[in-house]
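**Student:** Before I ask anything, let me first share the structure, which is written out below as structure tokens.
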Amino acid sequence: AAHLATLALRNARIESEYHESQTQLQSLLSHSRDAIYVHVDRKVVYANPAMIRMFGLQTAEQAIGMPSEALFHPIERDVIRDRANNQIRKSHATEFRETRLMHADGTMFHGETMGSPILWDGAPAALVVARNITDAKRAQEKLQESETRYESIANNVPGIVYQRVLYPDGSIEYPYVSEGVWEVTGY
């Protein structure tokens, strides 16, 4: 009888810890800024709130049952399908990879995704994390345009345009010198 009571207490503790970890996991998934979804046989079976927002869906129910490839731009789908199959078959996570994703309204946006093989109700599945990097891509493009414009201006100014850095130890560095230096100095 004492042995049964000990087993019952142990089982109750294990069940309590399991429910607590499930609650913590659900809280983590619900509050993540990253879109997280799970697909089994390339059908979405779980979607967190960030995923619903990122892909322009109204409810999680809209995502459930959706082909996971529908979340990606048509040009990306073959690569993503192969990547998901390899990930599940080889049982290892993929690194974040830049890709083109699709909003529910059909508009494309830039993202990066990674996946990790898991079991979902006993079936091989993939947990996918997606991030919208559209704003970062735009900022990067604008920075590149600005740098190109600055370089063009600096290279067309008569004379020399340069950046000089004087370090506390007295050393000097010239990280930028325009092409005009050749015209003025000959070297």
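The number in this note's numbering is simply the position in the sequence shown, starting from 1, with 9 added.
For every residue, glycine included, the Cβ atom is placed at its ideal position computed from N, Cα and C.
Just the Cα atoms here: how many angstroms apart are Gln96 and Met117?
**Tutor:** Between Gln96 and Met117, the C-alpha separation is close to 25 Å.
**Student:** Could you tell me the alpha carbon to alpha carbon distance between Val49 and Gln67, rounded to whole angstroms?
**Tutor:** Cα to Cα, the separation comes out at about 22 Å.
**Student:** With distances taken Cα to Cα, identify the nearest neighbour of Glu107 among Gly120, Asp144, Thr143.
**Tutor:** When only C-alpha atoms are compared, the closest one is Gly120.
**Student:** Assuming the contact rule is C-beta atoms closer than 8 Å, Ile45 and Val138 should be a hit. Round their C-beta distance to whole Å, please.
**Tutor:** That pair is a contact at about 6 Å.
**Student:** Taking the alpha carbon of Glu192 as the point to measure from, which residue in Tyr183, Ile169, Tyr185 has its own alpha carbon closest?
**Tutor:** The residue with the shortest Cα to Cα distance from Glu192 is Ile169.
**Student:** Could you check the C-alpha separation between His112 and Arg158 for me, to the nearest Å?
**Tutor:** Computed Cα separation, rounded: 33 Å.
**Student:** If we count Cβ pairs, one from each stretch, closer than 8 Å, do we get three or more for the stretch 89-103 versus the stretch 125-141?
**Tutor:** The stretch 89-103 is in contact with the stretch 125-141.
**Student:** Please state whether DSSP places Ala10 in a helix, a strand or coil.
**Tutor:** If DSSP states are grouped into helix, strand and coil, Ala10 belongs with coil.
**Student:** What are the uninterrupted segments assigned as alpha helix (DSSP H) that are 4 or more residues long and contained completely in the stretch 46-124, given in chain order?
**Tutor:** As far as the stretch 46-124 is concerned, its whole alpha helix (DSSP H) runs of at least 4 residues are 58-63, 69-72, 86-99.
**Student:** Going by beta carbon distance, what residues of the same chain come within less than 6 Å of Ala6, once the five residues before and after it are set aside?
**Tutor:** With the chain covering 10 to 196 only, the question about residue 6 has no answer from this structure.
**Student:** Once you ignore the five residues that flank Gly65 on each side, which residues in its own chain have a CB closer than 7 Å to its CB?
**Tutor:** If we look at Gly65 and ignore the five residues flanking it on each side, its Cβ neighbours are His112, Ala113, Asp114.
**Student:** Excluding sequence positions up to five away, which residues of its chain have a Cβ less than 7 Å from the Cβ of Gln258?
**Tutor:** The structure shown does not extend to residue 258, since the chain is modelled only from 10 through 196, so no value can be given for it.
**Student:** Using beta-carbon positions only, say whether Ala93 and Ala135 come within less than 9 Å of one another.
**Tutor:** Taking 9 Å as the Cβ cut-off, Ala93 and Ala135 qualify as a contacting pair.
**Student:** In angstroms, rounded to a whole number, what distance separates the CA positions of Val53 and Phe81?
**Tutor:** Taking the straight line joining both Cα atoms gives about 13 Å.
**Student:** Could you check the C-alpha separation between Met63 and Glu150 for me, to the nearest Å?
**Tutor:** Roughly 22 Å between the two C-alpha positions.
**Student:** Does the Cβ-Cβ distance between Ser39 and Asn57 come in under 9 Å?
**Tutor:** Closer than 9 Å, so yes.
**Student:** Let me confirm a value: Ala14 is counted as buried when at least 16 other C-beta atoms fall within 10 Å, else exposed. Which label applies?
**Tutor:** Exposed, because fewer than 16 other Cβ atoms sit within 10 Å of the Cβ of Ala14.
**Student:** Applying the 10 Å Cβ sphere with the 16-neighbour rule, what's the burial state of Ser77?
**Tutor:** Buried, because 16 or more other Cβ atoms sit within 10 Å of the Cβ of Ser77.
**Student:** Need the endpoints of the alpha helix (DSSP H) that Ile162 sits in, please.
**Tutor:** From DSSP, the alpha helix (DSSP H) with Ile162 extends over 143-165.
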